[in-house]
Amino acid sequence: MLKFAIKRTLVAIPTLLAIITLVFILVHMTPGNPFDGERALSPEALKSLMTQYRLNLPIWQQYLLYLNDLLHGSFGISMKYLGQSINGLLFPDNMGGFWVTLRLSIYTMVIAVPSGIILGAYAGLHKNSWFDKIVVSSNIFFTAVPTMVTGPLAVLILAVTLRIFPAGGWGDGDFQHLFLPVLVLILAYLPTIAFVMRGSIIDVLNSNYIRTARAKGLPTKTILFKHAIKPAILPVISLLGPMFAGILVGAVVTEQIFTLPGLGVLTTNAATNRDYNMIMAITILGSILTIVFNIIVDLLYMLLDPKIKQ
Amino acid sequence: MKIKHLAITLFTASLALTACSKSSDTATTKSKDTIVVDNGDDAPTTDPVLDQDSTSSRMVFDLFSGLTSFDQSNKIIPGLAEKWDVSPDGKIYTFHLRSGLKFSDGTPITAEDVVFSWQRVADPKVGSPYNMLASNIVNGQAIIDGKMQPNQLGVKAVDQNTITINLNHPDASFLQICAMPNTVIVSKKNLQKFGIDWANPKNMVTSGAYTIKEWIAKGHLTLIKNPNYYDAINVSIPNVILLPIVDTNASLNQYQTKQIDITNSLPIDQYKNISQQYPNEIHTVTQEGLYYYDLNMSLPKFKSNPQLRQALSMAVDRQVLVKDVLGQHQIPAYSFVTSTVEGGKFAGLNYDWATWSRDKQITKAQELFKAAGYGPSNPLEITISYNTMDSHKKIALAIASMWQQVFGNNSIKVTQGNQEWKTFLKVRNLANYDVARDGWIADYDSVDSYTNLYQCGNPQDNSKYCNQEYNSLISQAQNSTTPEQRVSLIKQAINIAQNDYPIIPLYQYTYSRLVDQRVTGYTPETNHLDHVQSKWYKLK
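Here the protein sequences line up with chains A and B, keeping their order. 452 is the number that my numbering gives the last residue of the first sequence; the numbers go up by one with no jumps. 949 is the number that my numbering gives the last residue of the second sequence; the numbers go up by one with no jumps.
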């Protein structure tokens, strides 16, 4: 298994390099530069900034210098927050940037995954019951109604009208401030987990080996917990890796609605301000997270499914 | 079992993460020691010379002091300098620093720090976007152009507490320049110790009412009172939290839930409701700035056709625009400068047709349009370019509709061209547009803020307008010997530019914000420049 993990990691390196190259080219091709503003800079000031940020060099030279920075563990200096290091902005000593989004993601996953699995399994076991219909329809509903609708609605009802929770902000990362954003993220992800689990358990329960188990007279509880759950959970696990990575770098709307200082907000901020180094850093971080989570998912698959191990 | 283990592991990890994280300072409960203010966005820089936006300026005014300062009515009052003398020819300013001045780390503020701070403004290696503030100082322009060394700037320390600043020509607004965020005084020792990293909040030493305690990108900026500030006795709130809330709806929500004390701005479509809901908390203030449309003077259709330019300007019903489209008490603009700048010295420069009846304006605009060679047989096709934002879109749609109503649908075809912000800036700067939205907020109360915009080759001259006669009059005004002569020459220049119609002035800005009733001491009504200092705030 270790051999597999090492092999996958080595294969990921060229993938990552390809992503870095592509994004580097795309970012530098985008119209406008980081220092364009309503007030045009004097040619001397612009020249000075371009030199400081190496933007005066040919693009291939900038690219090689950027790779060199990366090899030394540096994402460079922000072009929006002049003089601030990207590493410091993304991973500050105090709570902010990646740490905010990581905490949001963990709370969301800790609640959404077990609840989704349990609800989905129960719905699958009681196919066509009222409970099953609720799970199916809520999946359709929350897929159709995105966080940009549920978020403001939650703020309007639970914050502005009922005054139970704050309308936004991170506060101390306390329960009060986290409740609404985590709720909105759970509403976005839980129904999907439940829906996949439901479909999976229905498939498994219709399979031949379960029928054989039933024919042998095994009790339902044993069939379910010993033989059905394990294979049924595999599709959910394959969903979790990209989902976790997705929340980590993609909770843009939620973070904006609740004005949270996380990665999503930093991403949009970087894109609108042409903060090349920040865009690159977040893309690389997102790619690494996706690759790592996919490897973890594959390893979990191997643990749960002996067929794959072979 | 494995799921159970996974859940337990994740839950434990999240608890550990919660426990390990340091507690931040964002107050959510109202405390008399802390005021929470929405600053609209993050400040891109903590280095005053690099400041070029209102969010950074707001922070710099709290962290640093200049030789002079603005009061709440934008009047000049003493800052670090307790007094100053001006030579009879208006070219030499001698500033006398207060005694016992200290930076936040307790080191003394000396004339040497002042000289150093001004040299940074002009130094091309520092790259200040506002280096033009030093251009009128002796050798300033040559330093900006890299032809002389910064230490040759005409700012000299006479002794520990006295500084002289030599100007090339008299400037009525120079004391305001000394109060600008870019010319505030920084610690030479601190900069030499930390180099480029001096502006990192961890290393920063300040000369203003506050210092930085904590900053989280897109999170919050917590300021604490600087006990070494010269006017510390009058700073009543120990902690200030500035929040970067970009979305005006989110800001309003947080105001309604009592999380913030002062909003930065308001959602335009909710202005009426908010005015009714919070009549005693809403403040709407005329701002020293103009919103206008550039006509691309590098295009043949505009360059060679003054009648067309005038027709397009006259056809816009500014009253409808400000009342029905915008509705935040903006003032219709019929001149290239506001009626409020420099205490109203340039108030009477409106186009003569501004007072005509709407019917008369329309008739004349139609005549000019026809004379310009356009009509059903030769319809005018133009695109209005603007950066993607609801308010710009509303205005563009309204103006397109006005033009179509006045000239007829068969005679003019208007297309909307909204673009993402940076793309739009590029397009406008390279003059790849027909008509582009533009706007200018004055940094200080001087007509120069506006007249510079229309000078040949000025980087802000987005319409690419150039009239040497205009340039010559502005140049003469700068060298004029009496204030009356200066005003007269500038008025002549403005009249020339206005009659060339390179832009369509639309309205004078206002800004609106909600201020919680527990906040006293802040009177924005006369603060047309919107320069704000937290030291003014008091809490009930």
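Ideal placement from N, C-alpha and C gives every residue a C-beta, glycine not left out. Keep in mind it's a predicted model, so treat the numbers as computed, not measured.
With 16 or more other Cβ atoms from the protein chains shown falling within 10 Å of its own Cβ, lysine 831 (chain B) counts as buried. Residues of chain B whose Cβ lies closer than 9 Å to the Cβ of lysine 449 (chain A) do not exist; the shortest such Cβ separation is about 17 Å.
For tyrosine 918 (chain B), the secondary structure class from DSSP, reduced to helix, strand or coil, is strand.
Using beta-carbon distances, serine 190 (chain A) counts as an interface residue toward chain B, with a partner under 7 Å. For glutamate 397 (chain A), no beta strand (DSSP E) segment is defined; the enclosing uninterrupted segment is the alpha helix (DSSP H) at 394-399. For serine 478 (chain B), the enclosing beta strand (DSSP E) covers residues 477-479. The beta-carbon of lysine 835 (chain B) is placed less than 7 Å from the nearest beta-carbon of chain A.
Not a single CB atom of chain B sits nearer than 7 Å to the CB of arginine 150 (chain A). Taking C-beta atoms under 8 Å as the contact rule, leucine 632 (chain B) and asparagine 648 (chain B) qualify, at a distance of about 7 Å.
Around leucine 332 (chain A), no beta-carbon contact reaches into chain B at under 8 Å, the shortest distance being about 14 Å. For asparagine 787 (chain B), the beta-bridge partners assigned by DSSP are B:Gly784. Taken atom to atom, the span from the alpha-carbon of tyrosine 879 (chain B) to that of aspartate 870 (chain B) is near 13 Å. The Cβ atoms of tyrosine 916 (chain B) and proline 741 (chain B) sit closer than 7 Å to each other.
Using a Cβ distance threshold of 7 Å, threonine 289 (chain A) and valine 326 (chain A) count as a contacting pair.
The beta carbon of methionine 444 (chain A) sits closer than 8 Å to those of Met143, Phe146, Ile450 and Lys451, all from its chain and outside the five residues before and after it, given in chain order. Residue B:Asp498 holds the alpha-carbon nearest to the alpha-carbon of threonine 890 (chain B) among B:Ser474, B:Val530 and B:Asp498. With a contact defined as Cβ atoms closer than 8 Å, threonine 243 (chain A) and leucine 405 (chain A) qualify at about 4 Å. Boundaries cannot be given for arginine 416 (chain A), as no alpha helix (DSSP H) includes it and DSSP labels it neither H nor E.
Under the Cβ criterion of 7 Å, arginine 416 (chain A) is counted among the residues facing chain B.
Sequence-distant Cβ neighbours of leucine 191 (chain A) in its own chain, meaning closer than 6 Å and more than five residues away, are Phe177. Distances from the alpha-carbon of histidine 738 (chain B) to those of B:Gly757, B:Leu699, B:Thr693 and B:Leu721 put B:Thr693 closest.
When C-alpha distances from serine 280 (chain A) are compared across A:Phe337, A:Val434 and A:Ile430, the shortest belongs to A:Phe337.
Contact check between the stretch 918-925 of chain B and the stretch 684-699 of chain B: three or more CB pairs, one atom from each, fall below 8 Å, which counts as touching. Under the criterion of beta carbons closer than 8 Å, methionine 589 (chain B) and leucine 542 (chain B) qualify as touching, at roughly 6 Å. DSSP, reduced to helix, strand and coil, places isoleucine 574 (chain B) within a strand of the structure shown.
Contacts with chain A at 7 Å (Cβ-Cβ) include asparagine 662 (chain B). Within the stretch 616-633 of chain B, Glu623, Ile625, Ala626, Lys627 and Gly628 place their CB atoms closer than 7 Å to a CB of chain A, listed in sequence order. Separation of valine 593 (chain B) and asparagine 936 (chain B) (C-alpha to C-alpha, rounded to the nearest whole angstrom) is 20 Å. Taken through DSSP and simplified to helix, strand or coil, tryptophan 607 (chain B) comes out as helix. Close CB contacts of valine 567 (chain B) within its chain, under the 8 Å cut and outside five residues either way in sequence, are with Thr503, Ala520 and Thr573 (chain order). Taking a Cβ-Cβ threshold of 9 Å, the residues of chain A close to asparagine 838 (chain B) are Asp178 and Ala182, in chain order. Taken in chain order, the complete alpha helix (DSSP H) segments of 4 or more residues contained in the stretch 621-687 of chain B are 657-665 and 680-686.
Two segments are said to touch when three or more pairs of C-beta atoms, one from each, lie closer than 8 Å; by this definition the stretch 613-624 of chain B does not touch the stretch 922-936 of chain B.
With a cutoff of 7 Å on beta-carbon distance, phenylalanine 512 (chain B) and serine 582 (chain B) are scored as not near each other. Under the 10 Å beta carbon count, aspartate 799 (chain B) is surrounded by fewer than 16 other beta carbons and is classified as exposed.
Closest in C-alpha terms to tyrosine 331 (chain A), from the list A:Asp440, A:Ala412, A:Asn415 and A:Gly258, comes A:Gly258.
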